[in-house]
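Residue numbering for the sequence shown follows the working numbering, starting at 2 and increasing by one per position. Note that the Cβ used here is the ideal one computed from N, Cα and C, for glycine as well. This structure is a prediction, so every number in the text was calculated from the model and none was measured. Some notes on the structure that comes next.
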Amino acid sequence: LLYCTAVQERRYNLSTTKETKKKRVEELVEKVSKSKSFILTNFQGLTVAEISELRQTMKDSGAEYKVCKNTLFRIALADALFKEQLESSLKGCTGVVFGYDDPVMTVKKAIEYSEKNEKFKLKQGVVEGRVYSPDELKEISKLPSKNVLLGMLVGGMSSPLSKMACALQAVNLKLLYALESLKNKRAQ
């Protein structure tokens, strides 16, 4: 009788862990599809306090840090085009930085934290659907943020328009001055 009870408890525990894993995979699929960028990291050697600090840093920049099992993340990437490229990075202790707002800002914050804490290493990253190595991510982190780039674009577009408006106004003023001087000449 005790044996039967133990087997039933084990079956119950297995089904709940399967359900839990299924929920975690669904959560990861949602995070991957919602994020504009994500970076696979190695967090081995970090203390709980350092991981908490990392999570807070990421949260402040519109990102999220999640520790996940490699097998569950592999399953979550089943439909992704870049799954094979990330396969080599899904070994060891894996944490993922999910960036939801500005992909460049997420990369910058991850790079800054890895430079500040030697134990935190970047494995690979996906920015807007393309896989990048850690060196390429460092280059991306040197780019200005999305808001700065948009400001530069607007400034670049408005500058020629304002110059053209000034030039057209100058033509009108020259015509007005020419007519005024012609009027003054005839009046004399």
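Beta-carbon spacing of residue i, residue j below 8 Å
{"i": "S36", "j": "G100", "result": "yes"}
{"i": "G126", "j": "I40", "result": "yes"}
{"i": "P104", "j": "E140", "result": "no"}
{"i": "V132", "j": "L91", "result": "no"}
{"i": "N118", "j": "E51", "result": "yes"}
Start and end residues, beta strand (DSSP E) containing residue i
{"i": "K70", "result": "Where K70 is concerned, there is no enclosing beta strand (DSSP E), given that its DSSP letter is neither H nor E."}
{"i": "Y133", "result": "131–133"}
{"i": "L123", "result": "122–128"}
{"i": "L41", "result": "38–43"}
Top-ranked residue by Cα proximity to residue i, from the options
{"i": "T48", "options": "K184, F121, C69", "result": "F121"}
{"i": "V26", "options": "Q45, N43, L55, T72", "result": "T72"}
{"i": "G93", "options": "D102, C69, S115", "result": "C69"}
{"i": "V142", "options": "L154, K19, E116", "result": "Looking at the sequence shown, residue 142 is not Val but Ser. Considering only alpha carbons, the answer is E116."}
{"i": "K110", "options": "K175, P145, S89, L154", "result": "P145"}
Residue i - containing alpha helix (DSSP H), residue span
{"i": "L55", "result": "49–61"}
{"i": "S115", "result": "104–117"}
8 Å contact criterion, which residue i and residue j should meet: CB distance rounded
{"i": "V108", "j": "L82", "result": "Wrong, their Cβ atoms sit about 20 Å apart, outside the cutoff."}
{"i": "L123", "j": "P135", "result": "4 Å"}
Stretch-stretch touch, CB-based, cutoff 8 Å, three pairs: the stretch 58–72 with the stretch 25–32: yes
Do three or more CB pairs link the stretch 73–88 to the stretch 145–154 at distances below 8 Å? no
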